[in-house]
Every structure is written in structure tokens, then in C-alpha cells.
Amino acid sequence: MESEELDEEPEDNDEFEDEETTRDLVVPGEVLSEDIANFLPGRGTILNKEKSKIIALNIGLKQIKKNYINVIPLRGFYTPRPGDKIIALVIDKSPVKYICDINAKDVGILKPRNTSKRSKLRVGRGSSHQQEEASTEKYEIGDILIVKVLSADRLNRPELTTVGKYLGKRSNGIVISIDPPKIPRVIGRNGSMIKILKNLANCNVFVTQNGRIWLKGDDIAHERLLIDAIRKIEREAHTVGLTDRMSLFIENEKKERGIA
Amino acid sequence: MPLIIKDEYPTKLFREDGKRLDGRDKHELRPIKMKVGVIHNADGSAYLEWGNNKVYAAVYGPREVHPHHLAKPDRGILRVFYRMATFSVFDRKRPAPGRREKEISMIITDCLEPVLFLELYPGTAFEVFIDVMDADGGTRCASTTVAALALADAGIPMRSLVTSVAIGRIDGELVTDLSGIEDKAGGADLPCAITWFNEEISLLQFDGDMSLDEINQCLLLAKDAMAKIYQIQLETLKNKYITIQQETTGGGQ
């Protein structure tokens, strides 16, 4: 049983909560601004061919940050980036690698040499039986792993590692998955939302960038409450004042369900 | 003995009062209803009722390409599967994909490709499954429109939406949005689609005979009609989220 306090990515995931984020819904092709002199196209936007308008690429919320116009997407898929901590499911293994489903367009590759710390001591030159053989005995197909992305680009399959803090196999708890673009909202500004969820629902939560959330509470009632809360966040991710509404929601649900 | 029912078409496609057989004016669209997010397990989905047409579209991707030899190393591919249900037309349609369905799948692919950034997703495929549940003329236009909507709902980066409509000539007069019977009995029809980011024609097919002047007129009519449909598309996409916003703020926004 792990009892460590799990932290989330300390990234600044405040994009949803920014004051400049309007609640303007935009759809692909919508003109965001024709004021090219003062604004630059940021994330989720492009200039049109004549370079006279900034247009949106995604369905999302319009955000003006300094002189950049961004679109915070409401739907989308996960693209692995080096350094991301994600939840992977082992779907296949061969003697040289594990194949993991990471909820991206490619499967992730976990090589045995990335599953354990390499010992710095070289025990006896030539005594090969002492050396750790590369083998895929550590994990089984169907295991849930928390992994870190070592390398990822457009062309190659992302490479993963389980060496590091909080990384490795999870043998308990529940994994649920939500839309990856809504992950920042589950974490909240500076982790405000996740703090509420942890404290009020009395659960241990690990939120990962690929839209999967691992959670473990004292009993199933608390876990159910937390799952309902996360589903509510996912559904209402684009609304204002969500953090306050969520704490209210959990308090009310607790009374209704009769759990402390 | 197969039962052969001869297709019979009315000789006149305009009523006494100058309206069309279904009671529309010359440039009136059939009633259009759209919905997004109708298929839970798809990455994006949309449903469209356009007159008597009922079309579902589901989008998956980016994901691995199967069969693998179709994958392109330098860019992603878009695959569209247009299928008609066996019960969608008067005679039972044989379920195997035929020549017509392959053609329509291809033209919709070519029509939607310019709005996507396929070069950002090498070795992968975006797959659009379009199922026509009920057909009454103009299913390729309806399918293109609903496919663009489903792609947008999936959160796939797009330059803009795509809208499509058919213009045709019945009894010597140009009309917008042909119904099934007008399509078969009429003189000519011209389905076309527009990509809104550059307002270019992305699909143009033609059947029948027309003067050059008439074709120019058709394109102008089509643009007007497509602008109306585009508004419905935008509203549909936004409404999915706006309704939730209104719920949480207690009605007024």
C-alpha cells in the first residue's frame, strides 16, 4: 500500500482561470480579430492567407494574453511531450519491450532498461551473471503504470520510463479517463481544484496529462463521489466559478449520500 | 421474379400556385436540424436532418492506419466511409459498398482535406464514418456538411468548416436544394461545397445540361444558401456548450 502524498504536475495550468479568458465560444474558421497590427496569433489560431485576419482552429474559448490571441480548446486529443507524466496501460510485451496504450495516436514503448535504476557499480568485470539482464518480467499485460515520457515527436513512437518519483506500477485504486483538454480544469489554478477534491472527498488523486486520473480513497463511497465530481468538472469545464460550485457540490452530495 | 416497379415522375415539378411540389419557394431550403456529440464512443460525431435526409457522422482519430500500407510517412490521411443503410431508399439497397458509395466517399475526402492540417500527423489516419439512414436527394451535400461538423466536434484543428448544397434546374427554372424527386426528374443539378477560410469551391459536380450563364447564377445562389446553412452549423457547435453555461448560471448569460 502506498500512502505517499501524490502531487500533480507543477505546471502553470491556469489558462482556464485567467482573467483575460473570455467566455466567448469560438468555432473553427471564426475570425478572432482583424487587428493585425496589435495582435499576434497564439495557440490554436492561424493567420489567413492574406495575413489580414486571425482565425480559430479549434472549438474553444477565446483568450487574449498580452498581445497574443489564443484559443483554449474544449475538445481534442493528447499529444505526448517529453517530461509528461502519464498513465499507461501495458497492452503487449515482447522480450525487449513493453507496448503501452497512452491514449495518443501512437503506442508508447517502455524498454526494460528504463524500468529500473541502472546500478553505478560494475560488479566484477566479465562476471556476466551479476549484470542485470534485459528482460520484461517486471510488468504483466494489463498493468497500470504511471510513466514519464522520455522522448516524443511527430514521427517516432514515444519512449517511456518508470524510473522516477511517483512512477511505477499501481496495484490499487481506480483509473478514469476524461477529455485531455479538460485536465487543466481538474487541476485548477495553482492546483486549487485538486486540493478541494482531495480534501473534501478524502481521496488520493493523481492527474495526468493524457486525460487519465488515478484515484484511491478510504472507501468506495468517497471514490464514487470523486468520480461524479470529476465528471461534473469535465462537463462544465468552460463555465465560470467552477471551483466554488464544486466545493458546494461535494458538500451537498456528502450530506445526501450520508458520508462524512 | 423480381418485382419491378417503374419509376414514375410527375411531368410538372411546380404546383399551380408557383411553389414546388413540397410547398417550397424556388430558393427555399428544406428544414435543417443538426446536433453534435450524438455518438458517445466516437471522438466526435454529428447528426443531421435535412428535409427527409437523416445522416449520422462519426469521427475517429488521429489513429493508426489499417491496412498499414495506406499510411503516408510525410502526412496523415483522411478516410471517409460513406454508406447508405439498406432501408434508406425505396428499393432495398444492397449493403455492400458500391460504385456510387466509393465515389461519394472519395469526393467528400477531397472536399474536406484542404481544411485539415494533415501534414502535422504523419503516419496516422482520421476516419469519418457517414451513415445515411434516410435518403431523399442531396445526401452527398448533407454528408459533407455533417462530416465537417463532426470533425469540428472532435476537436481536430481545422481552418474552417465546410458547407455544401445542390442547385439545379427543374422545368426550366433554377432552384436551390433539390429534393429526391426533383433530382431525378429535373433537368440539371450541381452540388457544390465551400471552404469558408478562403471561400473557395471545394466540391463541384454536375449532371445534366446548363448554359455557362446558368452555372454562374447557380454558384451565386449556392453561396447564399450555404451562408444560411453555415449559420446553423455554427449555432449547433456552440449550443452544445452554451446550454451548459446557461444551466450553471441559472438561465441568463
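Which chain is which? The protein sequence lines are A and B, in order. For the first sequence, position 240 (counting from the first letter as 1) is numbered 240 according to the numbering used here, and the numbering increases by one without interruption. For the second sequence, position 240 (counting from the first letter as 1) is numbered 1240 according to the numbering used here, and the numbering increases by one without interruption. C-beta atoms are modelled at their ideal positions from N, C-alpha and C, and glycine is treated no differently. Note that the structure is a prediction, hence the values are computed from the model and not measured.
- Counting other Cβ atoms within 10 Å of its Cβ, Pro-1010(B) stays below 16 and is therefore classed as exposed.
- Judged by beta-carbon spacing, Pro-1122(B) lies within the 8 Å limit of Leu-155(A), meaning their Cβ atoms are closer than that value.
- By the C-beta criterion, the region 210-222 of chain A is judged to be in contact with the region 96-105 of chain A, since at least 3 inter-stretch pairs fall below 8 Å.
- Bounds of the alpha helix (DSSP H) holding Asn-199(A) are 192-201.
- Taking a Cβ-Cβ threshold of 9 Å, none of the residues of chain B is close to Glu-234(A); the smallest such distance is about 11 Å.
- For Asp-1207(B), the three-state secondary structure derived from DSSP is strand.
- Rounded to whole angstroms, the separation of the alpha carbons of Thr-1145(B) and Asp-1224(B) is 15 Å.
- Looking from the CA of Ile-1039(B), the closest CA among Ile-1232(B), Tyr-1047(B) and Ile-1032(B) belongs to Tyr-1047(B).
- Val-1080(B) sits away from Thr-1124(B), with the two beta carbons spaced by 8 Å or more.
- Contact annotation: in the region 1147-1173 of chain B, residues whose CB is within less than 7 Å of a CB in chain A are Ala-1152, Asp-1153, Ala-1154, Gly-1155, Pro-1157, Met-1158, Arg-1159, Ser-1160 and Leu-1161.
- In chain order, Val-1080, Phe-1081 and Tyr-1082 place their CB closer than 7 Å to the CB of Ser-1105(B), counting only its own chain and leaving out the 5 sequence neighbours on each side.
- In this structure the region 1149-1157 of chain B touches the region 1029-1044 of chain B; the number of beta carbon pairs closer than 8 Å is three or more.
- Taking 8 Å as the threshold, the shortest C-beta distance from Gly-76(A) to chain B falls below it.
- With respect to the 8 Å criterion, Ile-109(A) and Lys-93(A) are not classified as neighbours on the basis of their beta carbons.
- In summary, no residue of the region 210-232 of chain A has a CB separated from any CB of chain B by less than 9 Å.
- Annotation: Ile-259(A) to Leu-225(A) spans about 10 Å, alpha carbon to alpha carbon.
- With a 10 Å radius around the Cβ and a threshold of 16 neighbouring Cβ atoms, Gly-164(A) comes out exposed.
- With 16 or more other CB atoms across the displayed protein chains lying within 10 angstroms of its CB, Ala-1193(B) is buried.
- Within 10 angstroms of the beta-carbon of Gly-1137(B) lie 16 or more other beta-carbons, which makes it buried.
- Counting C-beta pairs with one atom in each stretch, the region 1057-1075 of chain B and the region 1209-1221 of chain B have fewer than three that are closer than 8 Å, which means they do not touch.
- Asn-1239(B) and Leu-215(A) have their alpha carbons spaced roughly 32 Å apart.
- Linking Glu-1049(B) to Ile-1156(B) through their CA atoms gives a straight-line distance of about 23 Å.
- Using a Cβ-Cβ cut-off of 8 Å, Leu-47(A) does not count as an interface residue toward chain B, since no Cβ of chain B sits closer than that to its own.
- Of Asn-1052(B), Leu-1116(B), Phe-1087(B) and Glu-1101(B), the smallest CA-CA separation from Gly-1076(B) is found for Leu-1116(B).
- Annotation: the continuous beta strand (DSSP E) that includes Tyr-1047(B) extends over 1044-1050.
- The secondary-structure analysis by DSSP pairs Lys-169(A) across a beta bridge with Leu-145(A).
- In the DSSP assignment, Lys-1228(B) falls within the alpha helix (DSSP H) that extends over 1212-1248.
- Counting only runs of 3+ residues, the beta strand (DSSP E) found wholly inside the region 1033-1109 of chain B occupies 1044-1050, 1053-1064 and 1077-1084, in chain order.
- By the neighbour-count criterion, in which a residue is buried when 16 or more other Cβ atoms sit within 10 angstroms of its Cβ, Gln-1233(B) is buried.
- Pairwise C-beta distances place the region 1174-1189 of chain B in contact with the region 1021-1037 of chain B, as three or more of them are shorter than 8 Å.
- With a beta-carbon spacing of about 6 Å, Leu-1161(B) and Trp-1196(B) fall inside the 8 Å limit used to define contacts.
- For Ile-174(A), the closest alpha carbon among the candidates Gly-188(A), Glu-256(A), Ile-233(A) and Gly-217(A) is that of Gly-217(A).
- Only those residues of the region 145-157 of chain A whose C-beta falls short of 8 Å from the nearest C-beta of chain B are listed: Arg-154 and Leu-155.
- The beta-carbon distance between Ile-46(A) and Ile-36(A), rounded to whole angstroms, is 12 Å. This is too long to meet the 8 Å contact definition.
- Listed in chain order, the non-local C-beta contacts of Ser-1088(B) below 7 Å within the same chain comprise Val-1132, Met-1133, Asp-1134 and Ala-1135, local neighbours out to five positions each way being set aside.
- Boundaries cannot be given for Asn-67(A), as no beta strand (DSSP E) includes it and DSSP labels it neither H nor E.
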